[in-house]
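J.:
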Amino acid sequence: MLFIINFILLSARILSLILVAYALMSWFPGAYQTSLGQLVLKISESILKPFRRLPLQFAGLDLTVYVAVLCIHFGSQWLVQILLSVLA
């Protein structure tokens, strides 16, 4: 069970880092044209697609990535708590 919990937490960290990289790459023109940029773009867009439907743009700021990272964090913590309660 510990393996599953560690896998969930590691996956959440990796997805969060990919989303942060996606946000940072948007500041550099041509960053998405590289092979790494294409990989980050594909992974990020599949995660962000449900959040794009929500009105998360305020005063020229797009908070979609921030909300997605928060949901990943809280979702992973919630899953870990459920697994720990099953063990107890």
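Start counting the sequence shown at 1457; every next residue gets the next number (this note's numbering). In this text, a Cβ means the ideal position worked out from N, Cα and C, and glycines have one as well. Note that the structure is predicted; figures quoted are calculated from it, not measured.
Tell whether a beta-carbon distance below 8 Å holds between V1542 and L1475.
T.: no
J.: Starting from the N-terminal side, write out each stretch of the alpha helix (DSSP H) that is 4 residues or longer and does not extend beyond the region 1463-1537.
T.: 1491-1508
J.: Whose C-beta lies closer than 6 Å to the C-beta of L1487 among residues of the same chain, with five residues either side of it excluded?
T.: The identity of residue 1487 in the sequence shown is Ala, whereas the question assumes Leu. So the qualifying residues of the chain are M1481 and G1493.
J.: For L1473, tell me which candidate among Q1533, L1535, I1528 and L1539 has the shortest Cα-Cα distance.
T.: I1528
J.: Measure the alpha-carbon distance for L1519 versus Q1513 and round it to whole angstroms.
T.: 6 Å
J.: Measuring only the C-alpha atoms, how far is Q1537 from L1458?
T.: In a straight line, the C-alpha of Q1537 is about 12 Å away from that of L1458.
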